[in-house]
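For reference, the structure discussed in these notes is given below.
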Amino acid sequence: MKAFVLSGGGNYGAMQAGALEALFEHGHKPDMLVGVSAGALNAAWLASQPDLNGVGQLVRLWRDIAPRSFKPLNQLPALLRLVRGQSSLLANDDLLRFITRFLPADARFTDFSHPSLFVVAVRLSDGALKVFGDEPEDRLLDGLMATTALPPIFPPWRIGTEAYVDGGLITNLPVRIALERGAKEIIALHTCHPQMKKNVITGNGIMAYVAQTMALMIKGQSEREFETAHWSRNARLHLIQLWPDWDPGFWVFDKPAELIAAGRRITEAYLESHDYSSPSQFRVWLDKLRPKRPQPI
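Positions 2 to 298 (the working numbering) are the ones given, in order, by the sequence shown.
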């Protein structure tokens with residue numbers, strides 16, 4: 002069973018659209034999709050239209066629709082929301098409208114069987130992972146609104162008496178979720194924020210600090226997730242790291258074409274340079290990073 006695992010990443014999720022297009026053109030199709038945050042939106046779209054035409058529509062959605070659907074973060078309204086005691090810098094109305102317009106929001110996870118779909122969020126009361134899709138009658142809308150409820154940008158999403166937030170707060174690239182649900186081959190599309198390469202904060206204001214904090218959090222999470230995946234002997238694991246060529250900003254949606262092209266280019270280069278009959282590329286990558294243990298004298 003082949004799984005695609007899609008990380009979060011805000012507007013950098015456009016890179017996954019380009020990556021998915023390259024994967025489908027090279028004949029790679031998933032039996033399972035696991036996504037978090039922006040990656041969950043991409044996974045849900047692909048689960049509902051799991052073919053090259055569906056991927057092409059996803060590319061057009063990021064390129065033509067997303068820039069008009071998500072407003073830039075204006076510091077004055079965000080400050081007013083904080084002064085008024087609101088739970089986030091932005092309301093989630095635009096996101097809700099986007100999901101209900103472009104995704105089968107009235108669907109249940111049982112409606113997705115090939116590929117199956119799993120979406121990861123975090124229960125705010127105790128920090129427990131919630132994997133939407135484990136319960137077939139989970140609503141797709143609940144899963145997508147919960148996994149994209151990224152504090153402090155969006156408010157938590159409530160289901161009954163429980164509040165849920167972005168699954169990326171615990172696992173931004175949930176390869177373990179795919180492994181535990183039977184995946185034997187995983188292609189992981191890891192959208193990497195440019196700040197993950199830097200040791201200094203760039204820019205000014207609250208969003209610069211939010212971006213740096215998120216980058217540090219995601220870096221630590223990813224290393225732990227890779228470490229877990231490293232010990233799996235029953236699955237072939239392939240990591241495609243989607244680094245943007247520049248930093249447009251985590252919540253700036255006005256240059257999607259460049260991000261889509263970068264995702265496609267990186268993925269095509271990966272597919273051309275990696276042998277899928279070789280040992281896990283996760284394992285090869287980790288072995289390069291792992292410090293060598295001293296040999297006994």
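Quick reminder that beta carbons are idealized off the backbone N, C-alpha and C, glycines included.
These figures come from a predicted structure and were not determined experimentally.
With contacts defined as CB atoms closer than 8 Å, Ala189 and Ile267 fail to qualify as a contacting pair. Ala23 is not a Cβ neighbour of Leu34, given a cutoff of 8 Å. With the rule of 3 Cβ pairs closer than 8 Å, the stretch 118-138 counts as touching the stretch 161-168. The closest CA to that of Leu118, considering only Phe155, Leu97 and Leu142, is found on Leu142. Between the C-alpha atoms of Arg159 and Ala179 there is a straight-line separation of about 25 Å. Assignment of Arg182 by DSSP, reduced to helix, strand and coil, places it in the coil class. Ser49 and Leu130 do not touch by the CB rule: their CB atoms are close to 24 Å apart, not below 8 Å. DSSP places Phe119 in the strand class (E or B) of the three-state scheme. Assignment of beta strand (DSSP E) within the stretch 144-184, counting only whole runs of 3 or more residues, yields 158-160 and 163-167 in chain order.
Here the alpha carbon of Asn12 sits roughly 30 Å from the alpha carbon of Ala236. By the neighbour-count definition (other C-beta atoms within 10 Å, threshold 16), Gly183 is an exposed residue.
When beta bridges are read from the DSSP output, Val132 appears opposite Val121. Arg237: member of the beta strand (DSSP E) spanning Arg237 to Leu243, first to last residue.
Across the set Leu272, Glu186 and Thr111, the C-alpha of Thr111 shows the shortest separation from the C-alpha of Gly134. For Gly57, the enclosing alpha helix (DSSP H) covers residues Leu53 to Arg61.
DSSP places Met16 in the uninterrupted alpha helix (DSSP H) bounded by Gly14 to Glu26.
Of the candidates Asp246, Ala18, Ile187 and Glu259, the residue whose Cα lies closest to the Cα of Met2 is Ile187. Taking C-beta atoms as the reference points, Gly264 and Ala20 count as a pair closer than 8 Å. By the criterion of a C-beta distance shorter than 7 Å, Tyr271 is surrounded in its chain by Ile241, once the five residues flanking it on both sides are discounted.
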